[in-house]
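First residue of the sequence shown? That's 47 in the working numbering, and the numbers climb one at a time after it.
Cβ atoms here follow ideal geometry from the backbone N, Cα and C, with glycine treated the same way.
No experiment lies behind these values; they were computed from the predicted model shown.
Down below is the structure, laid out as structure tokens.
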Amino acid sequence: MDKKNVNTGIISLSAKLAEPYSEELMKHNMNVMPLTMENFEQYVDQLDAVIIRENAEQDVRHTCQLLVKIKESSDAFVWVFSPNTPVSMRIVYLQLGAVGVISDDCKADELQLIISNSVYKRKGMKRAVVNTDSDQVDEKGKKKFVELIPRNSSIRIDGMKEIPLTKLEYRAIDFLYRNMNAAVTYQEIFETVWEKEFDNKNYRVANLIFHLREKIEKDASNPILIQTVRSKGYMLVG
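Set out below in structure tokens:
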């Protein structure tokens, strides 16, 4: 990845990200894009990273809305930069797709390294998958990634140890498996897993996929098997 093409969006809510942080990012050839609640959706599909600068006491609702919308339309890394965020709220942010919650004692150079290390690592991992996965085939010449075990509601990845799943997690991965290499929408996943009419609460699907990735991906923050399809849903790659 060309470092000059790393776009980092800054969404400031009640608190503003201090200038030294933006300056440090730009010093390392990152494009810093100041955004707002009103216009971020116009640019989110161009971003590699997003920083939501909030005040935990005032902005929780807006932060959660942003996380859900970004998750729906982008595979950008997202960090919440917030002072004194309670543990319970940090967990909610992570469940909604944030990579991490950064406190005010984080220095400008530290923030730059957190972002650049994550973005560049993802690009490197994707290249490695392209270079190596073609060798992992079965006797019929098909790629071999995922084995579902219906009796146990479990999954095995590349012949490794069996991984137990919850009922909802298994329904989700089974649906993705039956649509291997094809994008499925939030609505399709929701109606298959919960067996009821879609209620436009995409975060429920996103939260389920988050927990599924935590179990089956080597690095849930850099998913390889379950890919996000921007503005649509997810796809199991095989």
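For residue j and residue i, the rounded distance between their alpha carbons
{"i": "Thr274", "j": "Ala144", "result": "14 Å"}
{"i": "Pro80", "j": "Asn248", "result": "26 Å"}
{"i": "Phe127", "j": "Arg99", "result": "5 Å"}
{"i": "Thr54", "j": "Arg250", "result": "27 Å"}
{"i": "Thr82", "j": "Tyr223", "result": "37 Å"}
{"i": "Phe244", "j": "Ala218", "result": "15 Å"}
{"i": "Leu63", "j": "Glu241", "result": "43 Å"}
{"i": "Leu113", "j": "Pro196", "result": "33 Å"}
{"i": "Tyr200", "j": "Pro210", "result": "In the sequence as displayed, the identity of residue 200 is Ser instead of Tyr. Looking at the two C-alpha atoms, the distance is approximately 4 Å."}
Cβ neighbour criterion (16 or more within 10 Å) applied to residue i
{"i": "Val133", "result": "exposed"}
{"i": "Thr131", "result": "buried"}
{"i": "Pro269", "result": "buried"}
{"i": "Arg286", "result": "No statement about residue 286 is possible, as the shown extent of the chain runs from 47 to 284 and does not include it."}
{"i": "Thr212", "result": "exposed"}
{"i": "Glu215", "result": "buried"}
{"i": "Asp354", "result": "This structure does not reach residue 354, given that the chain is present from 47 up to 284, and the question cannot be answered."}
Same chain only: Cβ atoms within 7 Å of residue i, ignoring 5 sequence neighbours per side
{"i": "Asp150", "result": "Pro129"}
{"i": "Gln141", "result": "Asn253 and Phe256"}
{"i": "Gln92", "result": "Asn53"}
{"i": "Tyr89", "result": "Gly55, Met79 and Leu81"}
Beta-carbon proximity list for residue i, same chain, < 8 Å, skipping 5 on both sides
{"i": "Met171", "result": "For Met171, the predicted structure reports a pLDDT of 40, less than 50, and the residue's modelled location is therefore unreliable. The matter cannot be settled from this model."}
{"i": "Asp121", "result": "Gln273, Thr274 and Arg276"}
{"i": "Ala102", "result": "Ser128, Pro129, Asn130, Thr131, Pro132 and Met135"}
Delimiting residues of the alpha helix (DSSP H) encompassing residue i
{"i": "Asn248", "result": "Asn248 to Ile262"}
{"i": "Phe221", "result": "Lys213 to Arg224"}
Endpoints, beta strand (DSSP E) assigned at residue i
{"i": "Met79", "result": "Asn77 to Leu81"}
{"i": "Ser58", "result": "Asn53 to Ser58"}
{"i": "Arg202", "result": "Ser200 to Ile203"}
Same chain, Cβ closer than 6 Å to residue i, neighbours up to 5 away in sequence not counted
{"i": "Ser164", "result": "Phe123"}
{"i": "Phe236", "result": "Phe244 and Val251"}
{"i": "Arg202", "result": "Glu193 and Glu208"}
{"i": "Ile97", "result": "Ile56, Trp125 and Phe127"}
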